[in-house]
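Number of protein chains: 2
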Amino acid sequence: MNIVIIGAVAAGAKAAAKIKRLLPDASVKIFTRDNHVSYSSCGLPYYIAGNFADYKALLVRSPEEFRQDGIEVYLNCNVEKIVPPDNEILVCRDCLTTPIHYDKLIIATGANPFVPYIKGIKDFKNIYTVRTVEDGINIRKKMLESKHALIIGSGYIGLELLESFVRNNLKVTIIEQKERIMPAYDDDMSDLIRKKLEEINNGRFEFLTGEKVVELIGKEDNLEKVVTSSGKIINTDMMVLCAGVRPNVEIAEDAGIEIGTTGAIKVNKLMRTNIENIYACGDCAEKTHIVSGQNVWIPLGSTANKEGRCAAMNAAGVYCEFDGVLASTVTRCLKITMAMTGITEREAKIIGFTPVSVTITKNDMVGYMPEAGEITIKVVADKITGLLLGGQAVGAVGADKRINTLTSALLGHLTVAEFKNNDLTYSPPYSPTIDPLLDAAQILCTKLSNRC
Amino acid sequence: MNIVIIGAVAAGAKAAAKIKRLLPDASVKIFTRDNHVSYSSCGLPYYIAGNFADYKALLVRSPEEFRQDGIEVYLNCNVEKIVPPDNEILVCRDCLTTPIHYDKLIIATGANPFVPYIKGIKDFKNIYTVRTVEDGINIRKKMLESKHALIIGSGYIGLELLESFVRNNLKVTIIEQKERIMPAYDDDMSDLIRKKLEEINNGRFEFLTGEKVVELIGKEDNLEKVVTSSGKIINTDMMVLCAGVRPNVEIAEDAGIEIGTTGAIKVNKLMRTNIENIYACGDCAEKTHIVSGQNVWIPLGSTANKEGRCAAMNAAGVYCEFDGVLASTVTRCLKITMAMTGITEREAKIIGFTPVSVTITKNDMVGYMPEAGEITIKVVADKITGLLLGGQAVGAVGADKRINTLTSALLGHLTVAEFKNNDLTYSPPYSPTIDPLLDAAQILCTKLSNRC
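Heads up: the sequence lines are chains A and B, in that order. The working numbering applies: residue 232 is where the first sequence begins, and numbers increase by one. The working numbering applies: residue 232 is where the second sequence begins, and numbers increase by one.
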């Protein structure tokens, strides 16, 4: 049995390890154009910040460790083509193209940072994306000699980098083309995130929303300033693109593998593509949203791991279903935790639900505990069915605890009425007697039904 | 409409406030033998520890505040009798007994600390229980002039007090008559709790398990030493009884109100007793366990609040069901968090399930984060149905997050297979890429079915 895996960050690395455990005698080969495998891309902002000194801590497993387990790893290899009729891929290394046979192929090509078109954007050396270990090393090096950084995009990577830079005493400007920062959240919660960050700002950073960079000005390959769509000129030492990612599906598409409406590779619950013996997982694959039932593309490291495991099991002949995702995320920016799961009120309206929501602000533990901090929770449910649809929480550490409590409820398709008296753990250092999440659910229940 | 409520700590206070909001014109009267109302009994260890200075922080709502809302509060009143045929209670105050008419009666008489029979136990002034605000004030006062304290019982209140005393530089001996501390947990998890506490002990406390106090020795009303069942003599400055509580059901039982097999007042889902117009809620009422379907008695402040609300709604004519409890708890002792929900493996066997469990130890966040701490999670499921039965977690802060994630899954009666790929929030400061809870579920799933 020849198993070939393209890509080796999260999904690919996980798939390789799992399949080798299931089929110890199989030949397992990983091809990656990267020169690292199995690393924590999500950890880059913390390496950049200096939370730990050695970038090697980001490496979960080295190529040597894979090889010791009998998994062959080919670094710096570009897979040029998948040829399904021949069960082959064409791999280019050092300008030499070699065909490699597979019985089962797992595509884990991930996603590429989105680089907006601005004239000269590829010419400046101090413009960065945040994806690979090298990106992290380069950004940290440059940061240590910089006084100002410009971040394009205010999603979770943008805000995590904001923390990294501010902790290293840089001044930061974040440019967001949408009207609000963290635009994945409902407008009211985005506004709250901004308000909470501004409260602890102390002149260290500024948000420019509803703006774009339209011009880059520098000397030779060094960017020195940018011009925004409203005509502002911002001097900077470095610019980092955190404007999202796009699924890396070119070779799959070329091979006739079906691409979903989201632009990512279409897979079924077994992580199989439309072509037999070819699986896809991780950031290059489309997902099903458990709440809406819709196809979505939400690239996250935790999902990639689970999908990699599931694809590997099915490729190895062990039945495994992956039901889908809830779009759960958590982000820390300075002292603020923000987390969400399910669908927002805005999304619910677009999809065709009749969303009703309750937002409450309360201490995350009993008020007399000196560590108590404020937390704001928004819970969204459907008026017609009473089903929970999602939640968003912003504030003290522990915001994520409430959101994870909701994920299981969404997974179980619970109604607000079923959820409202959930027996959550209680003790003064951990929550108020009635958790803010349940307060929100109780009020929401009354709002939905005029009953409890 | 005359509403009478007996008891005013958590359930009674909540019921009074809720019913007045629903029926602003009703007469609402609270009778309590206590001289405080609406206080956080669970906060006593933190007041004793000195986490906050003023005991008044424990008071959620004063009698005056209740009165301002039109609720009459009668302190230091002993309700001697309930006379259902006459819709009356007999209240004794200052040796004067007065009949009080009710249309709806809510019994929230709570629980009394269990005082083991040891000769002379009522004669010593430096032996305490931990239930009322006065208890807290008296313990703190005595603690400040003591060097050693003896705690009887190693359940959550015992361990919380251990923290309080150790933080105030007392040496502490905990005597537990069972073989293990925190005996509500499975044996392996109890052992782990003890091991983790011993690791940070530094000679400050000792556990004596499988032992009882059999003799109390002192001068006049001052306890000076105790003799244990194995013959040990322990000198001490004070002794605190944390040996559990018993439901306070005497007047209910006398009135012909049905008592359940657990010894607490039997109620239906509307919190109604067998007698029309009489409701019971909080620590005096029996509960249904959502996982086992059995009647249980688990006295907790969070449950009392929810039941008080539900009883009030039904008494006011607004339909409300309380589905039951999951026996979820969280306890902090020094730096250790321990939390549990559902049923343990031991309980599952007794009930008749075929439990299978997986225990894993892992960092609670990505290992490269400097704040990462170890967490051990045990997940229990039923081999026949695949249903999740419960979980226990011990270790770093964040143990409770995993347990709360499980509560919703138990509420939704999810199988391990349905739960194992739950889309939990992930970011390096909050969890590893695959949360330890999901690791445990994935392994458990394989163990149950030889599938994923």
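Glycine included, C-beta positions come from ideal geometry on N, C-alpha and C.
If you look at Y305(B), you'll find it in the beta strand (DSSP E) that goes 302-305.
For T459(B), the enclosing beta strand (DSSP E) has its first and last residue at 453-459. When DSSP states are grouped into helix, strand and coil, C541(A) belongs to the helix group. Its chain contains R411 as the residues whose beta carbon lies nearer than 7 Å to that of D422(B), once the 5 sequence neighbours on both sides are disregarded; these appear in chain order. Look at F262(B) here: in three-state DSSP terms it is strand.
For E649(B), the C-beta contacts it makes with chain A under 9 Å involve D554, L642, G643, in order along the chain. G598(A) is positioned such that its CB atom lies no closer than 9 Å to that of I608(A). Here DSSP, grouped into helix, strand and coil, assigns M596(A) to coil.
Using a Cβ-Cβ cut-off of 9 Å, I665(B) is close to K245, S533, N536, K537, R540 of chain A, given in chain order. A residue is called buried once 16 or more other Cβ atoms fall within 10 Å of its Cβ, and V397(A) is buried on that count. In this chain, the alpha helix (DSSP H) harbouring D670(A) covers 667-680.
Linking K353(A) to N266(A) through their CA atoms gives a straight-line distance of about 21 Å. Cα atoms of A547(A) and I302(A): separation of roughly 15 Å, rounded to the nearest angstrom. Chain A places a beta carbon closer than 9 Å to that of D631(B), counting this residue as a contact. Listed as beta-bridge partners of D417(A) by DSSP are no residues whatsoever.
For a Cβ distance threshold of 9 Å, nothing in chain B lies close to I574(A): the least Cβ distance comes to about 12 Å. As DSSP reads the structure, I567(A) sits in a beta bridge with C564(A). For K287(B), the three-state secondary structure derived from DSSP is helix.
Assignment of V589(B) by DSSP, reduced to helix, strand and coil, places it in the strand class.
DSSP places C326(B) in the coil class of the three-state scheme, outside both helix and strand.
Inter-residue distance for M569(A) and K632(A) is about 11 Å (C-alpha atoms, whole angstroms). Counting along the chain, the unbroken beta strand (DSSP E) around P478(A) starts and ends at 476-478. Using a Cβ-Cβ cut-off of 9 Å, N508(B) does not count as an interface residue toward chain A, since no Cβ of chain A sits closer than that to its own.
Shown here, Y277(B) sits in a helix according to DSSP, grouped into three states. The shortest CA-to-CA distance from Y416(B) to any of V625(B), L642(B), Y305(B), T677(B) is the one to V625(B).
Only those residues of the stretch 596-615 of chain A whose C-beta falls short of 8 Å from the nearest C-beta of chain B are listed: V597, G598, Y599, M600, P601.
Around the beta carbon of I320(B), a 10 Å sphere encloses 16 or more other beta carbons of the protein chains shown; the residue is thus reported as buried. Here L620(A) carries a strand assignment [DSSP, helix/strand/coil].
Listed along chain A is no residue with a C-beta nearer than 8 Å to that of A242(B); the closest approach is about 11 Å.
Taking E311(A) as the centre and dropping the five residues before and after it, the same chain places the C-beta of L321, C323 closer than 6 Å to its C-beta, in chain order. Going by DSSP, L531(A) is part of no beta strand (DSSP E) at all; its letter is neither H nor E. Between the stretch 445-453 of chain B and the stretch 355-365 of chain B, the count of Cβ pairs shorter than 8 Å is three or higher; the stretches touch. The distance from the Cβ of I496(B) to that of A483(B) is about 5 Å, consistent with a contact at the 8 Å cut-off.
Look at N594(B): its C-beta is not under 9 Å from any C-beta on chain A. The beta carbon of I634(B) sits closer than 9 Å to some beta carbon of chain A.
For T638(B), the chain A residues whose C-beta falls within less than 8 Å of its own C-beta are T636, S639, N653, D654, L655, T656, listed in chain order.
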